[in-house]
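To start, the structure under review is shown below, and the notes come after it.
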Amino acid sequence: MSGEFKIKAVNLTRKFDRRTIFENVNFEINSGSAIAITGKNGSGKSTLIKIISNLLSQSSGSIDLYENNNKVKRENIFRYIGFVSPYLNLYDEFSGFENLKLISNIRGEGHNNIDLVLQKVGLYQRRNDLLKIYSSGMKQRLKIAFAILHNPQILLMDEPTSNLDHDGVSIVDNITDEYKINKIVIIATNDEHERSLCSSDINLNDSSNQKINGE
Amino acid sequence: MFKQAWAICKKDLNSEIRTRYAVNSLLMFIIVVISVIRFSLGEEKITSEMNAGLLWIIIFFSTSNGLSRVFVSEEERGTSLVLKLTACSQSVILGKLIFNTILTFIINFLIIFLYIIITGLEIKNTGLFSLIVTLGNLGLSSVLTIIAALISKANSKATLYPVLAFPLLLPLLLAAISATTLTIDGAPFGSISGEVQMIVSFTIVVVTASFLLFEFVWND
Ligand SMILES: Nc1ncnc2c1ncn2[C@@H]1O[C@H](COP(=O)(O)OP(=O)(O)OP(=O)(O)O)[C@@H](O)[C@H]1O
Ligand SMILES: [Mg+2]
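In order, the protein sequences belong to chains A and B.
Just so you know, we're using the numbering used here here: the first sequence kicks off at 19 and counts up by one.
Just so you know, we're using the numbering used here here: the second sequence kicks off at 56 and counts up by one.
See below:
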């Protein structure tokens with residue numbers, strides 16, 4: 019599953035009830051780039067990242083994912099995506115290993131990657147402990163492992179380094195560096211360091227349109 | 056899709072084995088209710104209609120307690136995103152449906168087993184009785200699964216569940232009660248074929264509707 023991917027948003031607008039969160043956002047992101055979504059608290063960064071991953075729908079405008087210029091059906095987008103978010107929780111009653119195992123069972127892929135990603139995020143030693151007793155930083159690391167388990171073409175991360183220590187931050191750095199070579203990385207963040215990993219920004223503060231192109 | 060659905064179901068089964076959310080509280084409920092019935096009846100013999108009615112009332116309340124958890128617990132714990140990011144909506148509803156059906160069968164097997172032991176109920180036509188219970192279970196779990204999906208995003212889930220489930224299940228329950236009465240009395244298949252048809256078609260309609268509807272419930 020490789021090829022050229024492109025995410026294209028045209029006049030993307032999202033409202034909750036009557037409140038407009040953002041309006042007429044335009045961007046185009048291509049494989050081989052890392053983009054930061056920035057903006058102050060409540061400007062809609064998390065909302066936008068959920069819309070990109072099809073967990074939420076837009077109020078108007080369009081957003082599409084293209085694989086080699088063919089539009090990917092919306093209900094299939096999840097197959098291409100790795101997603102890290104504070105809104106997502108893994109299963110407390112299972113161990114780190116069991117979580118990744120059941121996820122790869124459901125997805126039907128990634129079985130052979132489990133040990134590798136556990137090592138990558140530094141949880142291999144603790145893989146058999148229940149999530150219930152993980153620290154918040156360990157949970158965050160496991161979320162990252164969950165996101166990269168199936169080698170997605172698009173990695174979406176909402177505040178990926180929150181709760182992470184120094185080593186944890188460099189894990190995110192390494193993954194971002196690895197993915198942005200020929201895949202798409204999008205990070206929703208206010209953190210200077212996370213922002214520095216990306217080559218350009220989508221800023222949601224000025225609701226005037228931006229056009230970003232990560233070529 | 057079946058493999059994915061089965062993986063989701065297996066996850067729920069393992070989770071239930073670990074946490075025993077549903078099973079523990081249900082077991083108590085079932086034992087208490089059946090014992091109360093036994094004590095209040097004393098030595099009185101009750102009619103087959105009464106027996107069938109009581110049985111299905113217990114079944115209704117136990118299952119409508121236990122089955123709501125499938126979606127509610129994912130939603131409350133914030134794990135529903137994991138499913139949304141790993142499986143298509145059809146696999147999710149199928150997996151949950153299979154899990155709930157297995158749970159319904161376990162619950163109802165326990166209920167009927169305990170009911171027969173505690174009240175000394177005699178069933179004349181066991182084969183047909185089992186058939187009706189089996190079909191009734193399928194109908195019950197399919198209705199309760201889609202309702203669980205519908206209410207998982209609402210605020211007062213615990214109250215909404217039986218309130219919504221009861222009217223939807225009424226036709227099924229009435230048919231099941233009447234057929235159960237007849238099988239307790241030992242009626243042949245011919246006399247309950249109408250009810251069987253009713254229950255089967257009801258289930259097919261509900262399952263079909265669930266698959267069509269679920270996508271819209273699942274993706275907000
Ligand atoms: N389900 C919802 N219903 C109503 N309003 C919502 C909902 N989700 C988010 N909002 C609103 O949308 C706006 C944007 O929220 P969002 O979480 O996207 O902000 P953010 O940019 O990620 O903020 P932060 O920097 O704090 O993470 C907020 O005003 C929030 O109140
Ligand atoms: Mg946010």
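We treat Cβ as the ideally placed atom computed from N, Cα and C, and that holds for glycine.
Here the structure is a predicted model, which means the values were calculated and not measured.
Contact check, residue i vs residue j, beta carbons under 9 angstroms
{"i": "B:Tyr216", "j": "B:Ser123", "result": "yes"}
{"i": "B:Lys151", "j": "B:Ala77", "result": "no"}
{"i": "B:Phe266", "j": "B:Ile148", "result": "yes"}
{"i": "A:Ile202", "j": "B:Leu140", "result": "no"}
{"i": "A:Leu149", "j": "A:Glu111", "result": "yes"}
{"i": "A:Gly62", "j": "A:Arg36", "result": "no"}
{"i": "A:Asn29", "j": "A:Ser78", "result": "yes"}
{"i": "B:Phe160", "j": "B:Thr238", "result": "no"}
{"i": "A:Tyr109", "j": "B:Thr134", "result": "yes"}
{"i": "A:Lys198", "j": "A:Ala52", "result": "yes"}
{"i": "B:Ile63", "j": "B:Ser146", "result": "yes"}
{"i": "A:Leu167", "j": "A:Ile121", "result": "yes"}
{"i": "A:Tyr105", "j": "B:Leu136", "result": "yes"}
{"i": "B:Gly182", "j": "B:Ala231", "result": "no"}
{"i": "A:Val90", "j": "A:Leu222", "result": "no"}
{"i": "B:Ile167", "j": "B:Val188", "result": "yes"}
{"i": "B:Ala60", "j": "B:Ile153", "result": "yes"}
{"i": "B:Leu81", "j": "B:Ile162", "result": "yes"}
{"i": "A:Asp195", "j": "A:Leu215", "result": "yes"}
{"i": "B:Leu138", "j": "B:Ile85", "result": "no"}
{"i": "B:Thr235", "j": "B:Leu110", "result": "yes"}
{"i": "A:Leu83", "j": "A:Ile25", "result": "yes"}
{"i": "A:Ile220", "j": "A:Thr56", "result": "yes"}
{"i": "A:Ile204", "j": "A:Ile47", "result": "yes"}
Pick from the options that is closest to residue i, judged by C-alpha positions
{"i": "B:Cys143", "options": "A:Val139, A:Ile81, A:Asn72 and A:Phe112", "result": "A:Asn72"}
{"i": "A:Ala27", "options": "A:Phe45, A:Leu118 and A:Arg37", "result": "A:Phe45"}
{"i": "B:Gly249", "options": "B:Gln59, B:Gly241, B:Ser233 and B:Val261", "result": "B:Ser233"}
{"i": "A:Met156", "options": "A:His129, A:Asn107, A:Ser122 and A:Asn131", "result": "A:Asn107"}
{"i": "B:Ile21", "options": "B:Leu268, B:Asp275 and B:Asp67", "result": "It is not possible to answer for residue 21 of chain B, since the shown part of chain B is limited to 56 through 275."}
{"i": "A:Asn86", "options": "A:Asn223, A:Gly21, A:Pro170 and A:Leu215", "result": "A:Gly21"}
{"i": "B:Leu193", "options": "B:Lys208, B:Glu129 and B:Val261", "result": "B:Val261"}
{"i": "A:Thr7", "options": "A:Gln143, A:Ser103 and A:Asp185", "result": "This structure leaves residue 7 of chain A out entirely; chain A is present only between 19 and 233."}
{"i": "A:Arg144", "options": "A:Asn117, A:Gly60 and A:Ile39", "result": "A:Asn117"}
{"i": "B:Ile89", "options": "B:Ile114, B:Ser103, B:Leu223 and B:Glu104", "result": "B:Ile114"}
{"i": "B:Ile186", "options": "B:Gly97, B:Val251, B:Asp275 and B:Ser70", "result": "Per the sequence shown, residue 186 of chain B should be read as Leu rather than Ile. That would be B:Val251, whose Cα lies nearest to the Cα of B:Leu186."}
{"i": "A:Gly114", "options": "A:Ala163, A:Thr38 and A:Asn88", "result": "A:Ala163"}
{"i": "B:Leu165", "options": "B:Asn79, B:Ala264 and B:Phe257", "result": "B:Asn79"}
{"i": "A:Asp191", "options": "A:Asn200, A:Gln137 and A:Glu212", "result": "A:Glu212"}
{"i": "B:Glu131", "options": "B:Ser211, B:Gly241, B:Leu229 and B:Ile247", "result": "B:Ser211"}
{"i": "B:Pro222", "options": "B:Ala264, B:Glu98, B:Phe94 and B:Leu195", "result": "B:Leu195"}
{"i": "B:Asn180", "options": "B:Ala264, B:Ile254, B:Leu228 and B:Phe244", "result": "B:Phe244"}
{"i": "A:Lys68", "options": "A:Asn88, A:Ile95 and A:Asn59", "result": "A:Ile95"}
{"i": "B:Val255", "options": "B:Ile178, B:Glu98 and B:Pro226", "result": "B:Pro226"}
{"i": "B:Phe269", "options": "B:Thr235, B:Met83, B:Ile202 and B:Val87", "result": "B:Ile202"}
{"i": "B:Gly241", "options": "B:Ile72, B:Ser103 and B:Ile92", "result": "B:Ser103"}
{"i": "A:Ile193", "options": "A:Ser180, A:Ser49 and A:Val139", "result": "A:Val139"}
{"i": "B:Ala209", "options": "B:Leu110, B:Ser246 and B:Trp273", "result": "B:Trp273"}
{"i": "A:Thr49", "options": "A:Asp185, A:Leu134 and A:Gln171", "result": "The residue you asked about is not Thr; residue 49 of chain A is Ser in the sequence shown. With distances taken between Cα atoms, A:Ser49 lies closest to A:Gln171."}
{"i": "B:Ala213", "options": "B:Arg93, B:Ser246 and B:Asn120", "result": "B:Asn120"}
{"i": "A:Thr179", "options": "A:Val135, A:Glu210 and A:Ile47", "result": "A:Glu210"}
{"i": "B:Val125", "options": "B:Ser246, B:Asp275 and B:Ser207", "result": "B:Ser207"}
{"i": "A:His184", "options": "A:Asn169, A:Arg159 and A:Ile204", "result": "A:Arg159"}
{"i": "A:Gly126", "options": "A:Arg92, A:Asn169, A:Leu141 and A:Asp147", "result": "A:Asn169"}
{"i": "B:Ile112", "options": "B:Leu228, B:Ser246 and B:Val91", "result": "B:Leu228"}
DSSP beta-bridge partners of residue i
{"i": "A:Lys33", "result": "A:Thr38"}
{"i": "A:Ile202", "result": "A:Ser51 and A:Ile172"}
{"i": "A:Asp219", "result": "A:Ala54"}
Requested in this report: Taking only runs that begin and end inside the stretch 143-199 of chain A, name each unbroken alpha helix (DSSP H) of 4 or more residues, in chain order.
Outcome: 154-166 and 184-197
Query raised in the report: Could you give the uninterrupted runs of the alpha helix (DSSP H) lying entirely in the stretch 56-139 of chain A, keeping only those of 4 residues or more?
Result: 63-70, 114-125 and 132-138
Requested in this report: For ligand 1, list every residue whose C-beta falls under 5 angstroms from any of its heavy atoms, going in chain order.
Outcome: A:Phe34, A:Ile39, A:Asn59, A:Gly60, A:Ser61, A:Gly62, A:Lys63, A:Ser64 and A:Thr65
Report task. Mind listing, in chain order, the continuous beta strand (DSSP E) runs of no fewer than 3 residues lying wholly within the stretch 234-271 of chain B? Result -> none
Query raised in the report: Where are the beta strand (DSSP E) runs, 3 residues long or more, that stay fully inside the stretch 155-219 of chain B, in chain order?
Result: none
Query raised in the report: In the stretch 69-117 of chain B, which residue ranges form an unbroken alpha helix (DSSP H) of at least 4 residues, counting only runs that do not cross its ends?
Result: 76-96
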